[in-house]
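Trainee: Quick one: structure below, then a few questions.
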Amino acid sequence: MGSLKKKRTPVNTFILVVACTVLIYYTLVGVWPFLFNIFLSFRRTDLITVNKFVGLKNYRFMIHDPMFWKSLWHNFYYLGVMVSLGIITSLVFAALIYRTRGAMRKVYTAMFFAPVVTSIVAVSLVWTLLYFPKVGLFAQVISGLFGIDKNRLTFIDNPTTALLCIMIMDVWRDTGIRTVIFLAGMDEIPESLFESSRIDGASQIKQFFRITLPLLMPQLIFIAAIYSINALRVYIQIYMMTGSPPGGPANSTMVLTLHMYLSAFYGNRFGYGSTISMVMFVILFGLVLLEIKAFQQRWEY
Amino acid sequence: MPVKSVQFSFIMKYVQDIIMKEVVMKHLKGIAMVVLIVASIAAVFVLTASKDKETAIDESMEITEPTSQVTLNWWFQDWAGGVGWMNDYVAVFEANHPNIDLNLIPVPFNDLYAKLIPSIAQGNEPEILYGYDEWLVGKDVSKLFYPLTPTIMSVSEFKDHIYEAPLKNVTGSDGNMYGMPWATGANAFGFVYHKDLFREAGIDAADIKSWYDIRAAAKKLTKYNSDGSIQRSGILFSYTEAANAFLDMIQMQGARDKMFDKAALEWNFNIPEAKKAMETFQWFVDNDIYDPESGDPFTSFPNKLGAMLLIGPWDVGLAMTQFPELEVGYILMPPFPSANDKLVLGSIVSYGALFVSKRVEGDTRNAALIFIRDIMTKPTELYDIPFYHDPPYWVGAVCNKKYIAELMGRSDSEMNEFSQTCLTATNKGLPAVNVLETRISEPIIIRQVIHPEMENVFLGKKSIDEMMDYLTSYLTSQEEQLAE
Chain A
475 MGSLKKKRTP
485 VNTFILVVAC
495 TVLIYYTLVG
505 VWPFLFNIFL
515 SFRRTDLITV
525 NKFVGLKNYR
535 FMIHDPMFWK
545 SLWHNFYYLG
555 VMVSLGIITS
565 LVFAALIYRT
575 RGAMRKVYTA
585 MFFAPVVTSI
595 VAVSLVWTLL
605 YFPKVGLFAQ
615 VISGLFGIDK
625 NRLTFIDNPT
635 TALLCIMIMD
645 VWRDTGIRTV
655 IFLAGMDEIP
665 ESLFESSRID
675 GASQIKQFFR
685 ITLPLLMPQL
695 IFIAAIYSIN
705 ALRVYIQIYM
715 MTGSPPGGPA
725 NSTMVLTLHM
735 YLSAFYGNRF
745 GYGSTISMVM
755 FVILFGLVLL
765 EIKAFQQRWE
775 Y
Chain B
1337 MPVKSVQFSF
1347 IMKYVQDIIM
1357 KEVVMKHLKG
1367 IAMVVLIVAS
1377 IAAVFVLTAS
1387 KDKETAIDES
1397 MEITEPTSQV
1407 TLNWWFQDWA
1417 GGVGWMNDYV
1427 AVFEANHPNI
1437 DLNLIPVPFN
1447 DLYAKLIPSI
1457 AQGNEPEILY
1467 GYDEWLVGKD
1477 VSKLFYPLTP
1487 TIMSVSEFKD
1497 HIYEAPLKNV
1507 TGSDGNMYGM
1517 PWATGANAFG
1527 FVYHKDLFRE
1537 AGIDAADIKS
1547 WYDIRAAAKK
1557 LTKYNSDGSI
1567 QRSGILFSYT
1577 EAANAFLDMI
1587 QMQGARDKMF
1597 DKAALEWNFN
1607 IPEAKKAMET
1617 FQWFVDNDIY
1627 DPESGDPFTS
1637 FPNKLGAMLL
1647 IGPWDVGLAM
1657 TQFPELEVGY
1667 ILMPPFPSAN
1677 DKLVLGSIVS
1687 YGALFVSKRV
1697 EGDTRNAALI
1707 FIRDIMTKPT
1717 ELYDIPFYHD
1727 PPYWVGAVCN
1737 KKYIAELMGR
1747 SDSEMNEFSQ
1757 TCLTATNKGL
1767 PAVNVLETRI
1777 SEPIIIRQVI
1787 HPEMENVFLG
1797 KKSIDEMMDY
1807 LTSYLTSQEE
1817 QLAE
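Have a look at this one:
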């Protein structure tokens, strides 16, 4: 006759220790700072001499802060261009490399991947010099090739083109990783599909749009999701490329992370900086939820 | 029939399932307890971290030479002239005090400001800190730094050594001094220029006495392409200086109180003086003398994309020491039309100051206070260095009365043009100084607000009136929020 006492499953000590370690780490570097950030967002504080509960004043101020809305708009602009331009260029390169066989395929992949493993600070500094007006390499080359007056090629010193210039650098930098992801997806597509379509008389372009592209949907969603999140967190390249003051010229490259940093550390308004980061959290959380939903979808053909 | 089924997060899901089933669900209470304990420990740690490291300050303790070898870490701004100057002084100081090593750590200006308060809050600041008095407006410095009085000397003796104006923002709520102002900081001061370009254009820098002379010289120095676009600007405006000079020009016209009413916390740029100041800059754009799209001026100027560059005092040294291959001279900023004569050098609005960490104790405390005392009481050892270095490290005004008294006592043969400029800058500039008592930090007001707006006008994106409206409303709303 069995015992009436509920039988306990033996604890897997290893899993318990590993899980607790991760949880402790996550609590210390994730949960606690997050809670502290929420706490700060309701205060006016410089961390030492001023520390006062102000309720929702920081949030109200943010709603009326033109710089906040400008920064938010720049982030979404960045997101739109980065994701669309990034996906198109990487798809094109992946499709071209996919058709290459042998050692050259590895060479091309390595070439495109090189910027990904290069420090973003170094990349930003080099591109800043390339973009330098009048005497920079791009100005000289474009002027030489197309006969445009190099004095008019001002790139990141022009508020109209500054953010676009940074995005082009960013698209270039990450093309390698996106290309590799698309290549991996293309490798999984059965060759028989292409053979069948060839027999049916499909052109290469038709094959790309009717076979390759639909079967790359999981990779497309993955890249779109990841780069949407990255676009909202963009900081280093803007800080490095726009110099002093960061976010210039004329605040044309001001984004939320930069506005948050400047408000907190330059303006000594840590409460307001925390408020901006809370809004960023809400937007990013929404994007992550969308990403999770997209991943849960099963793609069948 | 499905030809492909993709489970992208298969592995993650498997691991997640194991953790959820095997650990989380079975030991929910235990894990929740661990998380709660860790969060509580973290909370206590964060809230008490800085307090634990604070030391009870005994102002009555005497200062004695350290008995063992002491190293003082010293954050200092990384401007080239200043670092060269301070490194020379470190050698002098260490020779006088063999038991004290000074570890000069150059920190970029932006980081210096961004790290100052957080490092003190966290309790990991160095023993000696450097910053500008304008960063401290509205803050009680007695909560930030170690008191220099009465330990080093009494308050009245301190005032005998340092000019009164720079002491305003380093005086604590208890009346003690918590910082030692030593030189003027960021503000428009003059123009560096390429001597060879001046020679080519037949211009003598000594003849430039007014803004009208500056205009004429800049026009003559501007070089155009065949299509009429600017190849080389006659003048370049760097961001801090242009924005600072804009504020200075308004004040030079006597409109300081009209521009900022500190009692009402209101900014007002919709005044003729502000418009006139902005028009002074805009004139160079409208007359095709300054190309606002010629890139970072500190790269454009040495590349001769500009003949003159509006700079602050430290940049004179920077320009001269960073580009030794260039033949560079400088011109003091002329008085703004209709300005008060006393303000011929620009209203210098910030002072570089040295501070001691409030956490120093024992020999480290003695060493740090000896360092400050030496600079105050033996000023020649420090201040003579930049003016007699070739090329000079720096040109500007100093805060130490004793040094100025000594300069005044020197014969002409003992002075060079840089020490003479220092004397003029200090005697004429310092009495005119009156720091704006805004609570908005300088990096925000200058870099994030005024200069971007100036750029908008330069680039034709906004009119001067729109700029003035924006500055008025934006700065007032910031001021109100900070004062709440």
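Just so you know, the protein sequences line up as chains A and B, in that order. In this text, residue positions in the first sequence follow the numbering used here: the first is 475, and each later residue adds one. In this text, residue positions in the second sequence follow the numbering used here: the first is 1337, and each later residue adds one. The C-beta atom is built at its ideal place from N, Cα and C for all residues, glycine as well. These numbers come from a predicted model, not from an experiment.
How many angstroms separate the CA atom of residue 1547 of chain B from the CA atom of residue 745 of chain A?
Mentor: Taking the straight line from one Cα to the other gives about 44 angstroms.
Trainee: Run through DSSP, which three-state label would residue 644 of chain A get?
Mentor: Three-state DSSP puts residue 644 of chain A in a helix.
Trainee: When the cut-off is 8 angstroms and only beta carbons count, does residue 626 of chain A lie next to chain B?
Mentor: It does: the Cβ of residue 626 of chain A has a partner Cβ on chain B nearer than 8 angstroms.
Trainee: Residue 1678 of chain B: buried (16+ other C-beta within 10 angstroms of its C-beta) or exposed?
Mentor: Reliability fails at residue 1678 of chain B, whose pLDDT of 42 lies under 50, so the model's placement of it is uncertain and no value is given.
Trainee: From the DSSP secondary-structure annotation, give me the bridge partner or partners of residue 517 of chain A.
Mentor: The partner list for residue 517 of chain A (beta bridge, DSSP) reads A:527.
Trainee: Using only the alpha-carbon positions, how far apart do residue 1545 of chain B and residue 1729 of chain B sit?
Mentor: Roughly 25 angstroms separates the two Cα atoms.
Trainee: Does any C-beta atom of chain A lie closer than 8 angstroms to the C-beta of residue 1631 of chain B?
Mentor: It does: the Cβ of residue 1631 of chain B has a partner Cβ on chain A nearer than 8 angstroms.
Trainee: Ends of the beta strand (DSSP E) at residue 1529 of chain B?
Mentor: Looking at the DSSP string, the run of the beta strand (DSSP E) that includes residue 1529 of chain B is 1526-1530.
Trainee: Could you work out which residue in B:1577, B:1727 and B:1692 is closest to residue 1754 of chain B when comparing CA atoms only?
Mentor: Residue B:1727 is the option with its Cα nearest to residue 1754 of chain B.
Trainee: Output needed in chain order: residues of the stretch 713-742 of chain A with a Cβ under 9 angstroms from some Cβ in chain B.
Mentor: Flagged, chain order: 717, 718, 719, 720, 721, 722, 723, 724, 725, 726, 728, 733, 735, 736, 737, 738, 739, 740, 741 and 742.
Trainee: At a Cβ cut of 7 angstroms, what residues of the stretch 1471-1485 of chain B count as close to chain A, listed as they run along the chain?
Mentor: Within the stretch 1471-1485 of chain B, the qualifying residues are 1475, 1476, 1479 and 1480.
Trainee: Considering only residues of the same chain and omitting the five flanking positions on each side of residue 649 of chain A, which have a CB-CB separation below 7 angstroms?
Mentor: Cβ neighbours of residue 649 of chain A beyond the five flanking positions: 563, 564, 567 and 586.
Trainee: So which residues of chain B does residue 597 of chain A contact, with C-beta pairs closer than 8 angstroms?
Mentor: Ordered by position in chain B, no residue passes the 8 angstroms Cβ test against residue 597 of chain A, which lies about 18 angstroms from the chain.
Trainee: Does the Cβ-Cβ distance between residue 1469 of chain B and residue 1687 of chain B come in under 8 angstroms?
Mentor: Yes, the Cβ-Cβ distance between residue 1469 of chain B and residue 1687 of chain B is below 8 angstroms.
Trainee: Per DSSP, residue 1645 of chain B forms a beta bridge with which residues?
Mentor: DSSP lists B:1528 and B:1572 as partners of residue 1645 of chain B.
Trainee: Provide the residue span of the alpha helix (DSSP H) that contains residue 561 of chain A, from first to last.
Mentor: Note, residue 561 of chain A: alpha helix (DSSP H), 540-572.
Trainee: Going by Cα to Cα distance, which pick from B:1454, B:1433, B:1705 and B:1462 is closest to residue 1441 of chain B?
Mentor: The shortest Cα separation from residue 1441 of chain B among B:1454, B:1433, B:1705 and B:1462 belongs to B:1462.
Trainee: Starting from residue 623 of chain A, find everything on chain B with Cβ-Cβ shorter than 8 angstroms and list it in chain order.
Mentor: Near residue 623 of chain A (Cβ distances below 8 angstroms), the residues of chain B are 1561, 1563 and 1565.
Trainee: With a Cβ-Cβ cutoff of 8 angstroms, do residue 532 of chain A and residue 515 of chain A count as a contact?
Mentor: Yes, Cβ-Cβ distance for residue 532 of chain A and residue 515 of chain A is below 8 angstroms.
Trainee: Assign residue 685 of chain A to one of three DSSP states: helix, strand, or coil.
Mentor: The answer is helix: DSSP assigns residue 685 of chain A an H, G or I state.
Trainee: Can you tell me where the beta strand (DSSP E) holding residue 1413 of chain B begins and where it ends?
Mentor: Here the beta strand (DSSP E) through residue 1413 of chain B covers 1406-1413.
Trainee: Which residues bound the alpha helix (DSSP H) around residue 1760 of chain B?
Mentor: 1753-1760 is the span of the alpha helix (DSSP H), which, as asked, contains residue 1760 of chain B.
Trainee: May I have the straight-line CA-CA distance separating residue 1414 of chain B from residue 1689 of chain B, to the nearest angstrom?
Mentor: Each residue's alpha carbon lies about 15 angstroms from the other.
Trainee: Does DSSP put residue 1717 of chain B in a helix, in a strand, or in coil?
Mentor: Residue 1717 of chain B: helix per DSSP, three-state reduction.
Trainee: Following the continuous alpha helix (DSSP H) through residue 759 of chain A, name the residue where it begins and the one where it ends.
Mentor: Here the alpha helix (DSSP H) through residue 759 of chain A covers 744-770.
Trainee: Measuring alpha carbon to alpha carbon, tell me which of B:1734, B:1613, B:1476 and B:1667 ends up nearest residue 1592 of chain B.
Mentor: It is B:1613 whose Cα lies nearest to the Cα of residue 1592 of chain B.
Trainee: At a cut of 8 angstroms, does the stretch 1736-1753 of chain B reach the stretch 700-715 of chain A through at least three beta carbon pairs?
Mentor: Judged by Cβ distances under 8 angstroms, the stretch 1736-1753 of chain B makes no contact with the stretch 700-715 of chain A, as fewer than three pairs qualify.
Trainee: Alpha carbon to alpha carbon, how far is residue 733 of chain A from residue 593 of chain A?
Mentor: Straight-line Cα distance between these residues: approximately 23 angstroms.
Trainee: Which of the three DSSP states, helix, strand or coil, is assigned to residue 1418 of chain B?
Mentor: Three-state DSSP puts residue 1418 of chain B in a helix.
Trainee: In terms of residues, what are the limits of the alpha helix (DSSP H) holding residue 1792 of chain B?
Mentor: Note, residue 1792 of chain B: alpha helix (DSSP H), 1787-1794.
Trainee: How many Å lie between residue 1824 of chain B and residue 1528 of chain B at the Cα?
Mentor: Summary: the structure shown does not reach residue 1824 of chain B, with chain B confined to residues 1337 through 1820, and so no result is reported for it.
Trainee: Based on the DSSP output, what are the partners of residue 629 of chain A in its beta bridges?
Mentor: Looking at the DSSP assignment, residue 629 of chain A forms no beta bridge with any residue, so it has no partner.
Trainee: Just grab the DSSP bridge partners of residue 1734 of chain B for me.
Mentor: Residue 1734 of chain B is bridged to B:1519.
Trainee: Using a Cβ-Cβ cut-off of 8 angstroms, state whether residue 1598 of chain B counts as contacting chain A.
Mentor: Closer than 8 angstroms: no.
Trainee: Kindly give me the distance between the Cβ atoms of residue 1766 of chain B and residue 1501 of chain B, rounded to whole angstroms, as I take these residues to be in contact under 8 angstroms.
Mentor: The Cβ separation is near 6 angstroms, so the contact holds.
Trainee: From the beta carbon of residue 535 of chain A, is the nearest beta carbon of chain B less than 8 angstroms away?
Mentor: Yes, residue 535 of chain A counts as interfacial toward chain B.
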